[in-house]
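Novice: For the sequence shown, the UniProt record's numbering assigns the number 1 to the initial residue and increments by one for each residue that follows. Idealized CB from N, CA, C, for every residue including glycine.
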Amino acid sequence: MFTLFYGALITPKSLTEYTAAPQALVCVSKVSGVIEWIELDVPSSAFEDTLAKHGLVDLQDHEVVDLKHGEFLMPGFIDTHLHPCQVPNAGSGQEHELLDWLKHYTFPLEARYKDGSFAKRVYTEVVRRIVNAGTTTCCYFGSLHEEANRILAELVHAAGQRAFVGKCNMDREAPAFYVEPSPDASLHSTLSLISYIRGLTPDPSSALVQPVLTPRFAIACTPDLLSKLSALALSDPSLTIQTHVSENHSEIEYTKVLFKDVLPPPPHGETRGALTYAGVYDAYNLLRENTVLAHAVHLEEEEIELIHRRKAGVSHCPTSNFNLRSGCPKIGVLLDKGIKVGLGTDVSGGFSLSMLTAIQHASVASKLVTLHHGALPGHTPAADGFASKQLSIPTLLYLATQGGADVCNIGARVGSLVPGKAFDALVVRLHSDAGNPGIWGADLDKELCITRGDVKESEAEVRKHELEGLLERFLFCGDERNIKRVYVQGRFIGGTEFQA
Ligand code: GUN
Ligand code: FE
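1) Thinking C-beta only, is phenylalanine 77 closer than 8 Å to threonine 401?
2) To which residues of the same chain is leucine 368 closer than 6 Å at the C-beta, ignoring the five residues directly before and after it?
3) Checking 8 Å against the spacing of the C-beta atoms, do residue 506 and glycine 313 come in under that value?
4) If you compare alpha carbons, which of Tyr196, Ser352 and Gly385 is closest to aspartate 479?
5) Could you check which residue in Ile35, Thr137, Ile151 and Gly134 has the C-alpha nearest to that of cysteine 85?
6) So is the beta-carbon of alanine 294 under 7 Å away from any non-hydrogen atom of the ligand FMN?
7) Tell me, please, which residues DSSP counts as bridged to serine 29.
8) Report the CB separation of phenylalanine 141 from glutamine 210 in whole angstroms; it is logged as a contact under 8 Å.
9) Would the C-beta of serine 320 count as close to the ligand GUN, meaning under 7 Å from any of its heavy atoms?
10) Got a sec? Which residues, its chain only, sit under 7 Å from isoleucine 450 by beta carbon, not counting five neighbours each side?
11) Return the bridge partner residues of proline 316 from the DSSP annotation.
12) Taking 7 Å as the cut-off, is the beta-carbon of aspartate 346 closer than that to any non-hydrogen atom of the ligand GUN?
13) Hey, would you say leucine 193 sits closer than 8 Å to lysine 167, going by beta carbons?
14) Quick check: what's the CA-CA separation for phenylalanine 476 versus tyrosine 105?
15) Let's test the definition: count the other Cβ atoms within 10 Å of the Cβ of histidine 372 and tell me whether it reaches 16, buried, or not, exposed.
16) Is it the case that the Cβ atoms of leucine 426 and glutamate 247 are separated by a distance below 8 Å?
17) Put asparagine 132 into one of helix, strand or coil per three-state DSSP.
18) Closer than 7 Å to a non-hydrogen atom of the ligand FE - does that hold for the CB of glycine 349?
19) How is leucine 232 classed by DSSP in three states: helix, strand or coil?
20) Contact defined as beta carbons within less than 8 Å: I believe threonine 80 pairs with leucine 343. What is the distance between those atoms, to the nearest angstrom?
21) Quick one: what's got a C-beta closer than 6 Å to leucine 226's C-beta in the same chain, skipping five residues either side?
22) Consider the C-beta atom of arginine 216 and the heavy atoms of the ligand GUN; say whether any pair is separated by less than 7 Å.
23) So threonine 357 and threonine 395 are supposed to be a Cβ contact under 8 Å. How far apart are they, rounded?
24) With a cut-off of 8 Å on the beta carbons, I'd call isoleucine 10 and leucine 471 a contact; round off their distance for me.
25) In whole angstroms, give me the CA-to-CA distance for leucine 73 and valine 31.
26) Out of Gln60, His96, Ala21 and Ala278, point me to the one whose CA is closest to asparagine 321's CA.
27) Taking DSSP's pairing of strands, which residues face aspartate 41 in a bridge?
28) Might you give, ordered along the chain, the residues of its own chain that have their beta carbon closer than 6 Å to the beta carbon of alanine 365, omitting 5 neighbours on each side?
What follows is the structure, given as structure tokens:
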């Protein structure tokens with residue numbers, strides 16, 4: 001009744017540290033899909049004694065997955081922001097910034113999901129590709145159509161992926177062919193979708209697919225609609241919320257014009273200072289510990305304070321921020337502040353479904369920030385902080401896994417491989433025969449590690465450094481050809497070895 005994984009394991013510990021264990025033994029319950037125990041250092045000579053220590057003498061009832069040299073286990077990726085309905089547009093619309101891009105490319109495509117058969121055709125392929133890219137949890141930002149989102153939720157549920165599925169709310173500032181007719185209509189179909197998704201699993205506490213409240217962005221929502229979503233959010237504190245914030249200068253300016261004189265007072269009896277973009281969501285009770293804020297590129301200082309105070313999380317979407325020329329957020333400043341940060345692909349603002357691309361661009365964006373001023377004007381970054389520095393490998397790994405889980409407020413259940421958490425994991429394979437010519441020679445890493453510098457290392461240190469090297473190369477040169485198996489809640493659901 002257990003699956004035992006024996007081989008190399010990588011898992012984040014904190015924003016600055018991860019565990020690299022070349023000979024780990026991981027025991028996963030086949031019934032619950034939860035990690036029962038992990039032993040981090042099990043030489044082959046100690047394999048049977050270690051099992052016996054945990055009361056496993058007869059392996060007949062259990063499955064053993066032996067990882068080969070060049071393979072390792074790691075937690076699955078958590079994509080905190082992706083528009084599945086925009087996937088057919090990925091790579092197009094390079095000439096525009098946000099508002100024109102929405103008008104010319106995005107709204108016309110999203111309108112097509114009115115047709116359920118179109119939605120089914122696209123989403124069947126999209127969900128399969130996202131799972132095979134190693135995304136074990138995905139925040140899906142759907143179109144405005146209830147039926148298309150039901151279809152999406154069903155497909156995600158059938159695939160066994162962990163996910164949040166939301167239909168976007170938008171009742172203004174969009175073309176007549178793609179806008180909700182009234183705040184009431186928007187609320188009604190939102191409630192209907194929420195109960196449909198919650199009904200997919202008999203026991204909601206074990207549900208992998210959850211609904212998420214999805215106001216598109218402040219510009220596209222009338223104050224009346226936001227008031228209705230506010231009441232819904234207050235009545236349902238467990239409901240996750242996702243939206244966009246402070247992505248692009250024209251968007252921020254227009255948001256302030258639209259909400260200048262209409263905002264209700266802030267919650268908790270607080271008095272409002274100057275009007276800010278995040279402050280608009282706060283006035284409608286939409287900023288809280290299970291709110292996912294995509295982009296947050298140009299936050300003002302008061303907004304950073306506010307987001308921190310409300311314990312909301314930020315989805316950093318660097319590919320999209322480059323692609324739509326939105327800008328380079330100072331992620332190090334947010335991390336120093338203690339704000340939760342995860343990564344998002346934001347397809348099709350971003351052009352890749354792979355979280356590996358988001359990791360690569362998060363690294364490059366942080367390097368760009370260090371070339372200019374990493375800290376906010378007037379701030380001296382702490383020597384041991386993140387501002388003014390490029391994001392390190394441990395930080396990038398953390399943001400793509402545990403950081404994303406924390407942003408979605410499910411960090412106690414997933415995000416790292418430790419006992420008691422669900423086994424949401426990848427088996428990564430880096431050897432040349434994995435078929436990715438970008439990672440040729442990973443087979444040579446052991447030799448390269450031994451010759452790196454003059455430092456004499458023990459065999460154990462050499463193996464650990466070899467594994468760390470493999471992780472770095474996977475993050476920067478890897479792709480889905482290197483993802484051999486994808487597991488969610490212990491169930492094998494994707495990867496190159498998966499057959500439906
Ligand atoms: N702001 C409002 N809608 C969108 C969207 O679809 N993508 C991005 N990147 N930003 C948005
Ligand atoms: Fe987006």
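Specialist: In this structure, then:
1) By 1-based counting over the sequence shown, the position of residue 401 is 401. By 1-based counting over the sequence shown, the position of residue 77 is 77. Taking 8 Å as the Cβ cut-off, threonine 401 and phenylalanine 77 qualify as a contacting pair.
2) Position 368 of the sequence shown holds residue 368. Counting only Cβ-Cβ distances below 6 Å, and skipping sequence neighbours, we find Cys328.
3) As shown, the chain starts at 1 and ends at 500. That puts residue 506 outside it, with no answer to give.
4) For this step, residue 479 is matched to residue 479 along the sequence shown. Out of Tyr196, Ser352 and Gly385, Ser352 has the C-alpha closest to the C-alpha of aspartate 479.
5) Counting from 1 along the sequence shown, the entry for residue 85 is found at position 85. That would be Ile151, whose Cα lies nearest to the Cα of cysteine 85.
6) This structure lacks the ligand FMN; the ligands present are the ligand GUN and the ligand FE.
7) Mapped onto the sequence shown, residue 29 falls at position 29. Serine 29 is bridged to Phe2.
8) One-based indexing of the sequence shown puts residue 141 at position 141. One-based indexing of the sequence shown puts residue 210 at position 210. That pair is no contact at about 14 Å.
9) As a first step, residue 320 is located in the sequence shown; it is residue number 320 there, counting from the start. Serine 320 Cβ: within cutoff of the ligand GUN.
10) Position 450 of the sequence shown holds residue 450. With a pLDDT of only 48 at isoleucine 450, under 50, the local geometry of the prediction cannot be trusted, and no value is derived from it.
11) Sequence index remark: in the sequence shown, residue 316 carries index 316 (1-based). According to the sequence as given, residue 316 is histidine; it is not proline. In the DSSP output, where bridge partners are listed per residue, histidine 316 has Leu343.
12) Taking the sequence shown and counting its residues from 1, one reaches residue 346 at position 346. Aspartate 346: yes, Cβ under 7 Å from the ligand GUN.
13) Locating residue 193 in the sequence shown gives position 193, where the first residue counts as 1. Locating residue 167 in the sequence shown gives position 167, where the first residue counts as 1. Going by C-beta atoms, leucine 193 is nearer than 8 Å to lysine 167.
14) If you number the sequence shown from 1, residue 476 lands on position 476. If you number the sequence shown from 1, residue 105 lands on position 105. Computed Cα separation, rounded: 30 Å.
15) For the purposes of this step, residue 372 is taken as the residue at position 372 of the sequence shown. Histidine 372 comes out exposed.
16) The residue you call residue 426 lines up with position 426 of the sequence shown. The residue you call residue 247 lines up with position 247 of the sequence shown. Against a cut-off of 8 Å, the Cβ pair of glutamate 247 and leucine 426 comes out as no contact.
17) Position 132 of the sequence shown holds residue 132. Helix, per DSSP.
18) Within the sequence shown, the letter at position 349 stands for residue 349. Result yes, Cβ under 7 Å from the ligand FE.
19) Here the question's residue 232 lines up with position 232 in the sequence shown. In the structure shown, leucine 232 sits in a helix (DSSP, three-state: H, G or I).
20) On the sequence shown, residue 80 is found 80 positions in, with the first residue counted as 1. On the sequence shown, residue 343 is found 343 positions in, with the first residue counted as 1. Yes, they are in contact, since the Cβ atoms of threonine 80 and leucine 343 sit about 7 Å apart, within 8 Å.
21) Your numbering for residue 226 matches position 226 in the sequence shown. Tyr284, listed in sequence order.
22) Sequence index remark: in the sequence shown, residue 216 carries index 216 (1-based). Yes, the Cβ of arginine 216 comes within 7 Å of a heavy atom of the ligand GUN.
23) Counted from its first residue, the sequence shown places residue 357 at position 357. Counted from its first residue, the sequence shown places residue 395 at position 395. Between threonine 395 and threonine 357 the Cβ distance is about 17 Å, and since that is not below 8 Å, they are no contact.
24) On the sequence shown, residue 10 is found 10 positions in, with the first residue counted as 1. On the sequence shown, residue 471 is found 471 positions in, with the first residue counted as 1. That belief holds up - the Cβ atoms of isoleucine 10 and leucine 471 are roughly 5 Å apart, short of 8 Å.
25) For the purposes of this step, residue 73 is taken as the residue at position 73 of the sequence shown. For the purposes of this step, residue 31 is taken as the residue at position 31 of the sequence shown. When rounded, the distance between both Cα atoms is 20 Å.
26) By 1-based counting over the sequence shown, the position of residue 321 is 321. Ranking the options by Cα distance to asparagine 321, first place goes to His96.
27) As a first step, residue 41 is located in the sequence shown; it is residue number 41 there, counting from the start. Aspartate 41 is bridged to Gln23.
28) Within the sequence shown, numbered from 1, the residue matching residue 365 stands at position 365. Pro318 and Cys328.
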